[in-house]
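See below for the structure under consideration.
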Amino acid sequence: MSDGRLQKMDVDYSSTVDELIPVVKSLAQAGNIDGALEQCAGLEKQTRMVKLHVSNPLKASDAISTGRLLEVMVEILAEGGKWEQLNRHLETMTKKRNQLKQAVTKMVQKVLTYLDTTPDEETKLALIASLRNVTEGKIYVEVERARLTRELARIKESHGQIDEAASVLQELQVETFGSMEKKEKVEFMLEQIRLGLAKKDYIRTQIISRKISPKFFADGAHEELKLKYYHLMIELNLQDDQYLNISKHYWEVYNTKSIQEDEAKRLLALKHVIVYLLLAKYDNEQHDLMCRRKILGDMEKIPAYLEMLKAFTTQELLRWDDFQSQYGPILHAETDVFSTEKSPERAEKRWGDLHSRLVEHNIRVIAEYYTKIRLQRMAQLLDLDTEKAEQYLSEMVVNKTIIAKIDRLEGVVHFTETKTPTEVLNDWSYNTRSLMTLINQATHLINKERVLHAM
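Just remember that the numbering used here sits 290 ahead of the position in the sequence shown, which is counted from 1.
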């Protein structure tokens with residue numbers, strides 16, 4: 291087998307091959323396939339290896355002619371229906387001494403054109419297996435091997451063998467294939483993600499998803515792939531309730547040209563952006579995104595969602611009963627976020643998460659207006675029992691969303707930060723300096739008045 295390097299053609303057999311091809315095709319059509327193959331094999335050996343000198347008896351030669359002969363042999367066997375013989379032929383020809391990579395590439399590409407002409411699926415699978423065997427470990431046919439693997443995965447999936455299909459497809463690291471176009475790489479990895487989700491292998495799927503850079507979709511030339519990617523990412527992030535990421539993915543869908551041109555799809559995507567943004571836990575990024583989305587022009591077309599955003603960005607208490615009676619029917623009817631058709635448990639959990647976000651908003655509002663409050667009174671404002679209110683408060687303190695301490699003996703919540711001695715001293719120093727400044731100003735004004743009255 292050749293080492294893969296391009297080699298100089300020492301003898302040109304193209305004219306000889308041109309004369310032989312019609313002859314062997316006529317023999318094959320007459321039923322003498324073995325005779326046709328024998329003549330091709332004889333000339334193929336000459337084009338592959340040429341005797342030049344005693345010190346260097348064998349040297350790589352006419353790669354183009356060798357490739358043409360291999361293609362003709364494949365054509366004769368495939369059109370003659372000799373599929374088993376073709377499988378053996380593939381392995382034999384790739385193992386020939388000093389075989390050229392260009393010729394092997396041509397042969398494999400020729401076989402691929404006959405893949406869909408096999409008489410049955412069993413024959414097709416056998417041919418795919420042979421091709422995968424001869425292309426294994428050969429960089430110069432890595433693209434062809436990837437396409438074969440994808441077809442094999444498709445067949446396995448059609449038979450319900452999801453796990454096997456995902457495993458076969460994930461064998462290949464197409465991101466390292468230098469000869470494969472970027473678009474085809476992305477298509478391949480999207481299939482890996484889709485089958486990974488179907489297999490419920492979320493960890494591996496997450497790893498694969500990171501290999502696709504969103505910058506690939508920035509030029510708008512691959513909208514179909516972009517939409518497929520973000521819908522797969524939404525499905526993946528739904529598994530562990532990454533609501534903020536889901537909102538960002540819907541935002542990318544919303545900003546896609548084809549979605550922007552369809553008002554119904556555009557507004558539906560925007561509704562999902564808002565709902566998942568409301569479901570996301572509070573932090574600076576989430577709050578900033580809510581403020582940004584609130585001023586979008588399209589928000590005027592979905593006033594209910596605009597009102598929800600305003601409610602969550604205003605320092606006012608919200609009542610859950612009023613909120614769900616006013617917006618519950620809209621959220622259930624206009625989005626699939628809380629739909630019970632696919633997964634009632636997940637829909638119920640998301641509704642519970644929305645309630646939690648409202649309670650957390652109310653606690654932040656209370657912390658803004660109170661330095662201390664009785665736990666019982668806070669629970670009353672939150673429409674919760676004392677134990678539940680304390681649980682929400684504790685979680686927010688642990689997450690460092692707010693600063694608070696609970697005096698259990700007194701039943702009082704203190705929304706003040708415990709200061710170090712240095713901070714206390716700095717505050718005292720600042721307050722003292724401010725006080726002295728005010729005294730100096732007052733003294734100056736008094737003296738000024740005295741001078742004016744004395745005159």
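No residue lacks a Cβ here, since even glycine has one placed at the ideal position from N, Cα and C.
All figures in this text were calculated on a predicted structure; none of them were measured in a lab.
Pick from the options that is closest to residue i, judged by C-alpha positions
i    : options                   : result
R338 : A554, D308 and D302       : D302
I564 : K414, I536, A744 and Y492 : I536
K662 : V433, A679 and D697       : D697
A419 : Y430, E447 and L402       : L402
P755 : Y617, L608 and C581       : The displayed coordinates of the chain run from 291 to 745. Any statement about residue 755 would go beyond what the structure contains.
L438 : S448, G450, K414 and D453 : K414
V655 : F705, L674 and K695       : F705
A508 : N545, E474, I452 and I493 : N545
K446 : L421, H521, K678 and L485 : L485
A601 : C581, T691 and K695       : C581
Y533 : K547, Q399 and Q576       : Q576
R494 : Q460, D552 and T306       : Q460
D406 : W373, D491 and M686       : W373
K553 : G587, R640, T712 and A320 : In the sequence as displayed, the identity of residue 553 is Glu instead of Lys. Ranking G587, R640, T712 and A320 by Cα distance to E553 puts G587 first.
N574 : S684, Q336, G321 and K690 : K690
Y430 : Q392, P711, H379 and P312 : Q392
Y520 : L421, A559 and E551       : A559
L599 : E685, R609, W610 and I585 : I585
Close Cβ partners of residue i (< 6 Å) along its chain, the five nearest in sequence each way excluded
i    : result
S304 : S355
I693 : E707
D308 : none
T727 : none
I452 : A488 and K489
N716 : none
A353 : L390, Q392 and A393
Q605 : V655 and E658
Residue i and residue j closer than 8 Å at C-beta
i    : j    : result
L596 : M589 : yes
L376 : V394 : no
F467 : R440 : no
E680 : L665 : yes
V433 : M470 : yes
F628 : L621 : yes
A318 : G370 : yes
R583 : L567 : yes
E334 : L360 : yes
V314 : A331 : no
L569 : D643 : yes
A436 : L417 : no
M523 : S499 : yes
F506 : K555 : no
V362 : I323 : no
Y492 : Q529 : yes
Buried or exposed by the 16-neighbour rule on C-beta atoms within 10 Å, applied to residue i
i    : result
I483 : buried
W541 : buried
T630 : exposed
L699 : exposed
T384 : buried
Y659 : exposed
H343 : Below a pLDDT of 50, predicted positions are generally treated as unreliable, and H343, at 46, falls in that range; the measurement from the model is reported next regardless. Its Cβ having fewer than 16 others within 10 Å, H343 is exposed.
V543 : buried
Q389 : buried
N527 : buried
Y720 : exposed
L348 : Legend: pLDDT at L348 = 48, less than 50; position of this residue unreliable, value from coordinates given subsequently. With fewer than 16 other Cβ atoms within 10 Å, it is exposed.
V688 : exposed
K695 : exposed
V741 : exposed
Cβ-based neighbour list, residue i, same chain, cut-off 7 Å, excluding 5 preceding and 5 following
i    : result
K591 : L557
E624 : K561
K518 : L480
G510 : K547
V458 : T439, L442, A443 and K446
R358 : V307
A669 : D675, T676 and A679
Close-in-space but distant-in-sequence residues of the same chain around residue i (CB under 8 Å, 5 per side omitted)
i    : result
R444 : A455
E525 : L487
E465 : K475, M479 and K501
A732 : none
Y682 : S646, V649, E650, I653, L672 and L674
H512 : K473, V476 and F506
Y572 : R647, E650, H651, R654 and T691
M291 : Low local confidence applies: a pLDDT of 45 at M291 is under 50, so the model's placement there is unreliable, and no value is given.
Quick one: complete beta strand (DSSP E) runs, 3+ long, within the segment 654-731?
662-664, 695-697 and 702-704
For the segment 488-562, which segments carrying the alpha helix (DSSP H) assignment without a break, of at least 4 residues, lie completely within its bounds, in sequence order?
492-499, 513-528, 533-544 and 547-550
Ordered list of alpha helix (DSSP H) runs contained in the segment 446-480, each at least 4 residues:
452-459
Give, in chain order, every unbroken run of the alpha helix (DSSP H) that is at least 4 residues long and sits entirely within the segment 363-411.
373-384 and 391-403
Ignoring anything shorter than 3 residues, give me the beta strand (DSSP E) runs that lie fully in the segment 576-631, in order along the chain.
none
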